[in-house]
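Student: Residue numbers for the sequence shown follow the numbering used here, so the first one is 18 and each next one is one higher.
Attaching a single structure in structure tokens format; questions to follow.
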Amino acid sequence: MITLPQKRRRLAQGLVFLLVQALLFLVSVGQATAAKWDLSLPSLANTYKDDFMIGNVMNPNQTTDDELTAMFKHQYNLVTAENDMKPQYLSSAKGVYNFANADTLVNWAKAKNIKVHGHTLVWHSQSAPWLTTGEDGKPLTRTAAKANMEEYIHKVAGHFKGKVISWDVVNEAFDGGTGIPTDWKSVLRKNSPWYIAYENGADKKKGESGADYIYDAFVFARLADPGATLYYNDYNETDAWKREAMALMAEDLNAQWKKDQRNADPNRLLVEALGMQAHYWTANLNVNDVEATITRFIKAGVKVGVTELDIPYGSYSKQHTTPLTKEEERFQARLYAQLFKVYKKYANSIDRVTFWGKADSQSWRGQGSPVLFDRTFAAKQAFDAVIDPEGFLEAN
Ligand code: G3I
18 MITLPQKRRR LAQGLVFLLV QALLFLVSVG QATAAKWDLS LPSLANTYKD DFMIGNVMNP
78 NQTTDDELTA MFKHQYNLVT AENDMKPQYL SSAKGVYNFA NADTLVNWAK AKNIKVHGHT
138 LVWHSQSAPW LTTGEDGKPL TRTAAKANME EYIHKVAGHF KGKVISWDVV NEAFDGGTGI
198 PTDWKSVLRK NSPWYIAYEN GADKKKGESG ADYIYDAFVF ARLADPGATL YYNDYNETDA
258 WKREAMALMA EDLNAQWKKD QRNADPNRLL VEALGMQAHY WTANLNVNDV EATITRFIKA
318 GVKVGVTELD IPYGSYSKQH TTPLTKEEER FQARLYAQLF KVYKKYANSI DRVTFWGKAD
378 SQSWRGQGSP VLFDRTFAAK QAFDAVIDPE GFLEAN
């Protein structure tokens, strides 16, 4: 039973909550209208033109923003669709494909001479349920899932053939490891709908397992668009177990491909690059771990891509929610500088560094102020740190 004073208190709490939300909204609107990109800043893409490409994400509805477009063209030479090339958005049902939004982005990029990275063909998340799951909600058989995968990749990678330079063929397939694995298959995400369907009907005596979906995805992608560089992409790639699992997988699949009759070019790898998503946190980023991952991937014989870089302030368990002080910004910037020193050292093996967010206000982890530009689109200290890592570290 709620008493009258309790009711009044709840009403008052509700009103305060609404007031705070309204204020936050007004502040963000105010910031958005005041925000302006500064085109007189040095260009990231130009600064690193002899090292690697510099990318960022876009959403199709941003392509009509001329100011943002001018900034993007000035700072970046590679774009990833933040969401619109994921299966969930491209194919709602078997035989149904909607390329309209993704095409808007790809055409925008082409007109501006910005290269496109495809993200992503096969993922347990933001997928299209028909690929792996029956109408009864039960997993498809291995044979049916494989046929769907072939059809999907043929259709999608075929559609974007010649328009994307690379694909994240498989995204985030590993999960739950701790110790250093000797068998990459043992640390796969076993509850991925792809893994589950491929297990359904696997002939264990022949060595088949749910893991086989990964090789198939790469082969279908190679056959559909031989011009695209094929990536495996994952997060927490600086964890020792995952770094090893990713490297072992690339080595294993590439060895398998060498003997595959469909391989028309024996000198070319199947898994050509490993994507380090690089979703870090200021509280626990250790640049030595980043370097150890890069060198392990190089040892596996592949290229490295930094595919989704951001460094929100704080840690996953203790997230930061207020704007950064100058000192916090400096701390974050020093980490960006240290990272770019490492990237430059291995530039021969790194083909791109893509940021996951253009401004703090547009990032999936915006509260932690993770990227190079703030909520008013002004360059942060992190921008200076990326433009001149050595100089920034010396001065700071
Ligand atoms: O478009 C709908 C909108 O219609 C709806 O009203 C709204 C309500 O929640 O949702 C909108 O969709 C959201 C979508 O982003 C587009 O804004 C989804 O809820 C939201 O979950 C989705 O988040 C994306 C996330 O992937 C999903 O997994 C983030 O924007 C995107 O930055 C993030 O990117 C991933 C990479 O693909 C893979 N690596 C990790 C990275 C960060 O999570």
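By construction, the Cβ of each residue, glycine as well, lies at the ideal position given by its N, Cα and C atoms.
Predicted, not measured: the structure shown is a model, and the values here were computed from it.
Please specify which runs of the alpha helix (DSSP H), each continuous and at least 4 residues long, are wholly inside the segment 256–335, giving them in chain order.
Tutor: List check, alpha helix (DSSP H) in window: 257–275, 304–316.
Student: Leaving out five residues on either side along the sequence, give the residues of the same chain with a beta carbon under 6 Å from the beta carbon of K132.
Tutor: Within the same chain, K132 has close Cβ partners L95, I182.
Student: Is H296 close to the ligand G3I? I mean its beta-carbon at under 7 Å from any heavy atom of the ligand.
Tutor: Yes.
Student: For H136, name the three-state secondary structure that DSSP assigns.
Tutor: Note: H136 maps to strand in three-state DSSP.
Student: Does the pairing of the segment 168–187 with the segment 122–139 give three or more beta-carbon distances under 8 Å?
Tutor: Enough Cβ pairs lie closer than 8 Å, so yes.
Student: Could you spell out where the beta strand (DSSP E) holding N118 opens and where it closes?
Tutor: Element bounds for N118: not the beta strand (DSSP E) but the alpha helix (DSSP H), 117–128.
Student: According to DSSP, which residues form a beta bridge with N188?
Tutor: For N188, which the question treats as bridged, DSSP gives the partners W140, N250.
Student: Can you name the residues that DSSP bridges to F372?
Tutor: In the DSSP output, where bridge partners are listed per residue, F372 has L326.
Student: Taking only heavy atoms of the ligand G3I into account, decide whether any of them is closer than 7 Å to the Cβ of N124.
Tutor: Because no heavy atom of the ligand G3I lies under 7 Å away, the Cβ of N124 does not count as near it: no.
Student: How would you write the range of the alpha helix (DSSP H) that M88 sits in, first residue to last?
Tutor: Per DSSP, M88 belongs to the alpha helix (DSSP H) from 83–92.
Student: Who are the Cβ neighbours of D269 in its own chain at under 7 Å, not counting the five residues just before and after it?
Tutor: Only W201 meet the Cβ criterion.
Student: Over what stretch of residues does the alpha helix (DSSP H) that includes T338 continue unbroken?
Tutor: Element bounds for T338: n/a, residue is neither H nor E.
Student: At a cut-off of 7 Å, is H136 close to the ligand G3I when judged by its beta-carbon and the heavy atoms of the ligand?
Tutor: H136 Cβ: within cutoff of the ligand G3I.
Student: Work out the CA separation of R369 and L291 for me, nearest whole Å.
Tutor: When rounded, the distance between both Cα atoms is 11 Å.
Student: Return yes when the C-beta of E325 is under 7 Å from any heavy atom of the ligand G3I, and no when it is not.
Tutor: Yes; taking the cut-off as 7 Å, the Cβ of E325 has a heavy atom of the ligand G3I nearer than that.
Student: To the nearest angstrom, how far is it from the Cα of M166 to the Cα of F394?
Tutor: Taking the straight line joining both Cα atoms gives about 41 Å.
Student: Please state the DSSP three-state secondary structure of F390.
Tutor: In this structure, F390 counts as strand in the three-state DSSP scheme.
Student: Short of 6 Å in beta carbon distance, which residues of its chain neighbour A241, apart from the five on each side in sequence? Order them along the chain.
Tutor: Excluding sequence neighbours, A241 sits near I170, H171, A174, G175.
Student: Quick check: the segment 350–367 against the segment 312–325, are at least 3 beta-carbon pairs closer than 8 Å?
Tutor: Because the criterion of three Cβ pairs below 8 Å is met, the segment 312–325 and the segment 350–367 touch.
Student: Output the boundary residues of the beta strand (DSSP E) element that contains V96.
Tutor: Looking at the DSSP string, the run of the beta strand (DSSP E) that includes V96 is 95–98.
Student: Taking 8 Å as the threshold, find out whether the segment 330–350 comes into contact with the segment 397–408 through three or more Cβ pairs.
Tutor: Enough Cβ pairs lie closer than 8 Å, so yes.
Student: Out of L205, N63, D83, point me to the one whose CA is closest to E4's CA.
Tutor: This structure gives no information on residue 4, because the portion of the chain shown stretches from 18 to 413.
Student: DSSP three-state label for T158, please.
Tutor: Correct three-state label for T158: coil.
Student: If you drop the 5 nearest sequence neighbours on each side, which residues of the same chain put their C-beta closer than 7 Å to that of S209?
Tutor: H141, A190, listed in sequence order.
Student: Give a single yes or no on whether N253 has its beta carbon closer than 7 Å to a heavy atom of the ligand G3I.
Tutor: Checking the Cβ of N253 against the ligand G3I gives no.
Student: Under 8 Å, with one C-beta from each stretch per pair, do the segment 55–69 and the segment 86–106 reach the 3-pair mark?
Tutor: Flag = yes, the segment 55–69 and the segment 86–106 touch.
Student: Can you name the start and end residues of the beta strand (DSSP E) that I71 belongs to?
Tutor: Per DSSP, I71 belongs to the beta strand (DSSP E) from 70–75.
Student: What does the alpha-carbon distance come out to for the pair S378 and N413?
Tutor: Each residue's alpha carbon lies about 26 Å from the other.
Student: Per the contact definition of three or more C-beta pairs closer than 8 Å, is the segment 262–281 in contact with the segment 206–225?
Tutor: Contact between the segment 206–225 and the segment 262–281 is absent, because fewer than three Cβ pairs lie under 8 Å.
Student: DSSP beta-bridge partners for A396?
Tutor: BP columns for A396 point to F390.
Student: May I ask you to report which of helix, strand or coil DSSP gives L58?
Tutor: Residue state, collapsed to three classes: coil.
Student: Start and end of the alpha helix (DSSP H) containing V359?
Tutor: Segment 343–362, the alpha helix (DSSP H) holding V359.
Student: Below 8 Å CB to CB, which residues in the same chain sit around T339 once its five sequence neighbours on both sides are set aside?
Tutor: Contacts found: none.
Student: Rounding to the nearest angstrom, what Cα-Cα distance links V359 and G194 in this structure?
Tutor: The alpha-carbon atoms of V359 and G194 are separated by roughly 26 Å.
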